[in-house]
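Residue numbers (the UniProt record's numbering): 1 to 178.
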Ligand SMILES: [Mg+2]
Ligand SMILES: [Zn+2]
């Protein structure tokens with residue numbers, strides 16, 4: 001007989017990049033004047049479908065804009081708060097958001113494609129099944145993060161030769177591969 005008390009329920013996670021994937025991205029200087037998120041077309045719909053397929057959603061975002069002085073931490077938090085409120089109003093639950101505030105020349109271990117943020121997530125949610133999870137984003141750093149973790153990855157408009165990575169022309173195409 002199975003002892004249910006000893007069973008660990010594993011979770012599958014869709015690790016999403018934020019800027020350029022869920023909400024619009026801008027040149028670094030322009031971020032200084034952005035006060036509210038603009039959603040990428042199809043992103044809300046895609047997140048809903050990803051959730052329906054049983055994935056938990058975790059956002060993994062490089063925010064070197066903070067320590068490089070383009071935006072303040074408060075500006076970052078404000079954009080994030082508005083984004084999460086809007087997603088929540090559409091029935092999308094974001095399990096967590098991990099961000100790297102460090103400058104690109106700071107040498108931290110969390111800036112993508114380094115693996116620090118995903119390890120933080122795994123430490124916090126020890127039931128993440130990394131083999132059933134994936135990373136998706138619109139830059140080389142996102143797919144290289146997936147490669148560095150030997151995880152499945154999707155690059156939106158990003159070419160990849162690695163067999164673990166699938167190039168997508170549009171975010172919404174993700175649904176046919178998961
Ligand atoms: Mg991006
Ligand atoms: Zn960092």
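Glycine is no exception: its CB is placed at the ideal position from the N, C-alpha and C atoms.
Helix, strand or coil at residue i [DSSP, three-state]
{"i": "residue 72", "result": "coil"}
{"i": "residue 67", "result": "helix"}
{"i": "residue 162", "result": "coil"}
{"i": "residue 46", "result": "helix"}
{"i": "residue 25", "result": "coil"}
{"i": "residue 80", "result": "helix"}
{"i": "residue 86", "result": "helix"}
{"i": "residue 173", "result": "helix"}
{"i": "residue 30", "result": "helix"}
Contact test: residue i Cβ vs ligand 3 heavy atom, cutoff 7 Å
{"i": "residue 59", "result": "Questions concerning ligand 3 fall outside what the structure shown contains, since the ligands it does hold are ligand 1 and ligand 2."}
Same chain, Cβ closer than 6 Å to residue i, five either side skipped, listed in chain order
{"i": "residue 17", "result": "137 and 142"}
{"i": "residue 37", "result": "23, 79, 82 and 83"}
{"i": "residue 13", "result": "56, 58, 128 and 133"}
{"i": "residue 144", "result": "113"}
Own chain, CB closer than 7 Å to residue i, minus 5 neighbours either side, in chain order
{"i": "residue 117", "result": "60, 98, 100 and 110"}
{"i": "residue 162", "result": "147"}
{"i": "residue 25", "result": "19"}
{"i": "residue 63", "result": "76, 99, 100 and 101"}
{"i": "residue 94", "result": "57, 59, 84 and 87"}
{"i": "residue 167", "result": "155, 158, 159 and 160"}
8 Å Cβ shell around residue i - same chain, five flanking residues per side excluded
{"i": "residue 68", "result": "28, 103 and 104"}
{"i": "residue 72", "result": "66"}
{"i": "residue 108", "result": "100, 102, 114 and 116"}
{"i": "residue 178", "result": "14, 50, 53, 55 and 134"}
{"i": "residue 45", "result": "172"}
{"i": "residue 92", "result": "44, 47, 48, 51 and 57"}
Please enumerate, following chain order, all residues with a beta carbon closer than 7 Å to at least one heavy atom belonging to ligand 1.
17, 18, 19, 20, 21, 25, 137, 138, 139 and 142
What residues does ligand 2 have around it, judged by CB closer than 5 Å to any heavy atom, in chain order?
100, 102, 108, 110 and 111
contact_flag[the region 144–151, the region 167–175] where n(CB pairs < 8 Å) is 3 or more
no
What are the start and end residues of each continuous beta strand (DSSP E) run of 3 or more residues lying completely inside the region 93–160, in chain order?
94–100, 134–137 and 152–156
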